Every structure is written in C-alpha cells, then in structure tokens.
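J.: Heads up: the sequence shown begins at 1 in this note's numbering, then just goes up one per residue. From the three backbone atoms N, C-alpha and C, an ideal C-beta is built for every residue, glycine too. Note that the structure is predicted; figures quoted are calculated from it, not measured. Got a structure here, written out as structure tokens. Questions coming.
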Amino acid sequence: MIRILIVDDIASTRDNLQKLLSFEEDIEVAGTAGDGRQGLEEAHRVRPDIVLTDVNMPNMDGIQLTERLAAELPASPVIIMSVQGERDYLRRAMQAGAREYLIKPFSHDELVAAIRRVHQLEQKKGTAGRTPGEPDVARKSAPGDVIVLFSGKGGVGKTLLATNLAVALANETKARVALADLNLQFGDVGVMLALDHSRSITDVVDAGDGLDAELLNEILATGPGGVRVLLAPISPELADLVNTEHVRTVIGELRKNYDYVVVDTACHLAEFNLEVIEQAQRILVVTALTIPAIKDAKLSLKVLESLNVDSASILLVVNRSDGHSDFNRESIEQTLRHTVAAQVPHEPRIVGDAVTHGAPFVTLHPESEITRVVRDLAGQIGREHPVAVGAPGPPGPEKQRRRRGLFGR
Ligand SMILES: Nc1ncnc2c1ncn2[C@@H]1O[C@H](COP(=O)(O)OP(=O)(O)OP(=O)(O)O)[C@@H](O)[C@H]1O
Ligand SMILES: [Mg+2]
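Here it is as structure tokens:
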C-alpha cells in the first residue's frame, strides 16, 4: 500500500484528490493538511510514502516544505503540484528535492502514474543512502568515478547529455553525484540547469592550497536531484586563471566526496582536458551524425588510443540520431571501429522545452524516449566499470610521457 499525505490550502482540491485516489487499490490517503507547517507536522506523525503538495500555501509554502522534508524525512519523497506559469517555482521545488511534479489541471492517470513512479524509484533506491539535506563533506572510502564527456566537434550535445546524465545517475542510484563544467570559457551547465552563478571554479583558484571538502561544499551549486555542480567561471577571460594543477586538485577533491564526478568539457585537447581524461574511468565520446562530427570523433578516438586509454572505458554516444542520416549504427561502428553505447534521439521539442526552462529533460519528460536512452546510459555507467583507465592519484610515468609527446612539451 502506498500511503499518501495531501497538502493543499484549498479544501475542495484536497477532497478531489482524496476521491481520485480512493479508486486505487494500492494507494491510501494517510492524511491531509491545509498548509506547509501542518503538512510537516502531519508528515512526522504519519510517515507517508509520498507527500503530494501544492506550491502556494500560507504559513509554509510547498518549496520550504519540500526542503524540510528532504532534510528531516528523506523516506517521504515529494510530488509538487503547481499551475502552468509557475515554472520558476517548479524548478526551485525540484532543486529543493522534489522527485516529480504535476501541472494542474492533471488527469487521474497522470496523478497515479506519478505516484507509482516515485514509489517504485524510492523502493529501488532504499532510503539508507544519500539524503538531499545531508552535507556532502562525509568522506568516502574509495575515490569516485570520473566520467568525462568529450567531442572533437562543438555543439554535439555534451552539455545537454552531461547535465541529464548526472541527474539520471543521482535519481537511479543512491550515489552522490557531482558535475564539473570544464568548458571554462563558455560553460553552459549553469544556464542549462538555471543555477545561481555566484560561486564557480574561480573560487577554487582563489582558495589555493586551502581547498578542502568543506570549502568545496560551499563553492558547489545544488542542481536537480541533489547533484552538486562546480560551475565554469562567470566570464570567459577568467578561464585563463585556471591551470592544470587546479583541475587536478579539484577533481581529486571531488572524487573523495562523490561516487560519480561527471565532467563536461570544451571541444579541444587542452592540457586540462587531458588531465581529466587521464583521471577518468569512463570517457563518453559524443558525436552527431554529420560527416565532420564523425571525422572528429574518429580523430578523438585516435588520440585517446595514442594516450593509451583502454578502449573498454570509452563509450561512444551518437546524439541526434533520427533515422534521416546516411549513417546507421553499423556504418558508424565500422567507420569508428567502436561499438555504439547509446543512440540519443533527436528530440527538438523535448530538449527545447528543457533548455528553455533550465531543467533536465529526465525530470521534465520522464516518459520520453530520450530520457529512456539517457537512463540506460546511466545504468551502463552505474554498473561496475570493467577497466580503470587512470588509477586514483597522479598519472603514471608512462602516461605522462605520452602526453608530453603528443603536445611536444
Ligand atoms: N538530442 C537532441 N535533440 C534535440 N536537440 C539537441 C539534442 N542534443 C543537443 N541538442 C541541441 O543542441 C544544442 C547544443 O547542445 P550542447 O550545448 O549540449 O552541445 P555541446 O557539445 O555542449 O556544445 P559546446 O561544444 O559548444 O559546448 C542544445 O542547446 C540543444 O538545443
Ligand atoms: Mg557544452
């Protein structure tokens, strides 16, 4: 039985929801409340499996309620209900830890599907793991996996995939996930997730040797699903302040505190990109279905090979595949001599909606095909990785030598 707490300040809405849910044999309304404060008290009393809450309410609004529940009762996930036009609230609610949202008016089927989805996910995760309100300074025993997205050609979808993959990883597993924007001049992670850009990697530079888990925790923004985000500098000229040593230090520190460190990059083989590649357990080479993009993917794979990167750690991701291209999966695999790990569909409507609203499509459109593919990719990464490319810690002499060789330094 899935036990629900309904929180809404309009009595007729509470009654309607209660009636709608009474038709379901596996769902029970365990309590109702007329504002956020009552909702919190009631949640502590009845310990519901799911809290269904409105946004605008007196005393304590739905966003504050979500924050409090995430911190105090992580086993009671929140579904937010709001009206069209409250997108900004929705985004804040998701960042506060809400698992799902429903736009009013919604149908009986949409309501029940959202409840079952959140419940299923919660059961899969268990509640023993990460709680969104918990500070991220607890030390882990093994260093986390670095997953770097790379492409030879720009604009192929690295940032879109990095942001959605990070959120999918956080949602699908109990893992702590960090996302680092190393597209230092023109990083887009902040806009794609509509994050507050008051702190960034420039604060890491300013910290010098004083960087530790606590300071890093303050520097990281919080994105959907509790993903912690290291943003790129606010302005391109500040990128020059960041050097390879900073990148090495910050990735190392992130690995100590997070199970997965997803890294978005700019499409050039700068020294710091190579630094991350050397630390990476997974390298996602992203390509589009155009001749220049495939050519650049081939060159990228060649460079990775010359860097001695194990090909088992490389996942080839083909983005915007829509069946109208001259390339099919077989021809790409033949040309690039690598299996395709994921074919991400071209979904302009869903992607456009997500980018416009600064929210990941994996939460905005959980039922879409593009979400299914990204979740599947997260599943492939979430499994034990077969071969580590870079062992934790500094790269071995062999790799150092190769990198210097490649760039003649
Ligand atoms: N699967 C897709 N379906 C529809 N549109 C897509 C898809 N993937 C990417 N796009 C569009 O392409 C744009 C570029 O994507 P994105 O910014 O993620 O690329 P990038 O590789 O990070 O670019 P850069 O190299 O400039 O950082 C996105 O704003 C999005 O609108
Ligand atoms: Mg990008």
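Since Val-285 contacts Val-317 with CB under 8 Å, what's their CB separation in whole angstroms?
T.: Right, the Cβ-Cβ distance comes to about 7 Å (below 8 Å), so this counts as a contact.
J.: Between the Cα of Ala-341 and those of Phe-361, Glu-42, Ser-368 and Val-373, spot the shortest distance and give me the residue it belongs to.
T.: For Ala-341, the nearest C-alpha among the options comes from Val-373.
J.: Any heavy atom of ligand 1 closer than 8 Å to the Cβ of Lys-104?
T.: No, Cβ of Lys-104 sits at least 8 Å from all heavy atoms of ligand 1.
J.: With Arg-255 as the anchor, note down where its alpha helix (DSSP H) starts and where it stops.
T.: It spans 244 to 257 - the alpha helix (DSSP H) in which Arg-255 sits, taken as one unbroken run.
J.: Assuming Ser-325 and Glu-347 make a contact with CB atoms under 8 Å, what is their CB distance in whole Å?
T.: Actually they are not in contact, since the Cβ atoms of Ser-325 and Glu-347 sit about 15 Å apart, beyond 8 Å.
J.: I'd like to confirm the pairing. Which residues does DSSP put opposite Ile-7 in its beta bridges?
T.: According to the sequence as given, residue 7 is Val; it is not Ile. The partner list for Val-7 (beta bridge, DSSP) reads Ala-33 and Thr-53.
J.: Apart from the five residues on each side of it in sequence, which residues of its chain come closer than 7 Å, Cβ to Cβ, to Asp-61?
T.: Cβ neighbours of Asp-61 beyond the five flanking positions: Gly-36 and Val-55.
J.: Just the Cα atoms here: how many angstroms apart are Ala-75 and Val-46?
T.: Each residue's alpha carbon lies about 12 Å from the other.
J.: Buried or exposed: where does Ser-331 fall if 16 or more other Cβ atoms within 10 Å of its Cβ makes it buried?
T.: Exposed.
J.: Using the C-alpha atoms, what's the distance from Glu-28 back to Ser-200?
T.: Taking the straight line from one Cα to the other gives about 45 Å.
J.: Just the Cα atoms here: how many angstroms apart are Gly-252 and Thr-202?
T.: The alpha-carbon atoms of Gly-252 and Thr-202 are separated by roughly 17 Å.
J.: Name the one or two DSSP bridge partners that Val-177 has.
T.: Paired residue(s): Tyr-260.
J.: If you measure from each CB to the nearest heavy atom of ligand 1 and keep those under 7 Å, what residues do you get, in chain order?
T.: Qualifying residues come out as Ser-151, Gly-154, Gly-155, Val-156, Gly-157, Lys-158, Thr-159, Leu-160, Leu-161, Asn-183, Phe-186, Asp-188, Asp-264, Ala-266, Cys-267, Val-286, Asn-319, Arg-320, Val-344, Pro-345, His-346, Glu-347, Pro-348, Val-351, Gly-352, Val-355 and Ile-370.
J.: Taking DSSP as the reference, what is the three-state secondary structure of Gln-380?
T.: Helix at Gln-380.
J.: What are the boundary residues of the alpha helix (DSSP H) that includes Ile-418?
T.: With the chain covering 1 to 409 only, the question about residue 418 has no answer from this structure.
J.: Near Ala-378, what residues of its chain come up, given a Cβ to Cβ distance below 7 Å and the 5 sequence neighbours on each side ignored?
T.: Here the set comprises Leu-165, Ala-168, Leu-169 and Glu-172.
J.: Could you check how far apart the C-beta atoms of Ile-2 and Ile-50 are, in whole angstroms? I think they sit under 8 Å.
T.: Sure, about 6 Å apart at Cβ, within 8 Å.
J.: Determine the direct distance from the alpha carbon of Lys-256 to that of Ile-6, and round the result to whole angstroms.
T.: About 39 Å.
J.: Out of His-44, Ser-151 and Glu-25, which one is the CA nearest neighbour of Pro-77?
T.: Of His-44, Ser-151 and Glu-25, the residue nearest in Cα terms is His-44.
J.: Pick helix, strand or coil for Gln-185, following the three-state DSSP scheme.
T.: Residue state, collapsed to three classes: coil.
J.: Looking at the secondary structure, which residues open and close the alpha helix (DSSP H) in which Val-351 lies?
T.: Where Val-351 is concerned, the enclosing alpha helix (DSSP H) stretches over 348 to 357.
J.: Does DSSP classify Lys-295 as helix, strand or coil?
T.: Helix at Lys-295.
J.: Take Ala-280 as the anchor and find which of Val-156, Pro-143 and Arg-320 has the nearest alpha-carbon.
T.: Checked all of Val-156, Pro-143 and Arg-320; the closest Cα to Ala-280 is Pro-143.
J.: Between Thr-335 and Lys-302, how many whole angstroms is the CB-CB distance? I'm expecting something under 8 Å.
T.: About 12 Å separates the two Cβ atoms, so there is no contact after all.
J.: Helix, strand or coil for Pro-233, going by three-state DSSP, please let me know.
T.: Here Pro-233 sits in coil by DSSP.
J.: Helix, strand or coil: how does DSSP classify Ser-12 here?
T.: Looking at Ser-12 - three-state DSSP - the assignment turns out to be helix.
J.: Just checking my contact of Ala-162 with Val-204 at CB under 8 Å: how many whole Å lie between their CB atoms?
T.: Not really, about 19 Å apart at Cβ, beyond 8 Å.
J.: Exposed or buried, what is His-119 when buried is set at 16 or more other beta-carbons lying within 10 Å of its beta-carbon?
T.: His-119 should be labelled buried.
J.: Mapping DSSP to helix, strand and coil, what is Leu-17?
T.: Helix.
J.: Can you check DSSP and say which residues form a bridge with Ile-370?
T.: Answer is none; Ile-370 lacks a bridge partner.
J.: Grab me the residues of Asn-16's own chain with a C-beta within less than 7 Å of its C-beta, minus the 5 sequence neighbours each way, in chain order.
T.: Nothing listed; no residue qualifies.
J.: For Asp-353, tell me which candidate among Leu-364, Gln-343 and Val-344 has the shortest Cα-Cα distance.
T.: For Asp-353, the nearest C-alpha among the options comes from Leu-364.
J.: DSSP has Glu-28 in a bridge; who is on the other side?
T.: Note: Glu-28 sits in a beta bridge opposite Arg-3.
J.: For the beta strand (DSSP E) that Asn-319 lies in, which residues bound it at each end?
T.: That run of the beta strand (DSSP E) goes 314 to 321.
J.: Out of Ile-79, Ile-115 and Ser-107, which has the shortest C-alpha to C-alpha gap to Ala-98?
T.: Ala-98 has its Cα closest to that of Ile-79, out of Ile-79, Ile-115 and Ser-107.
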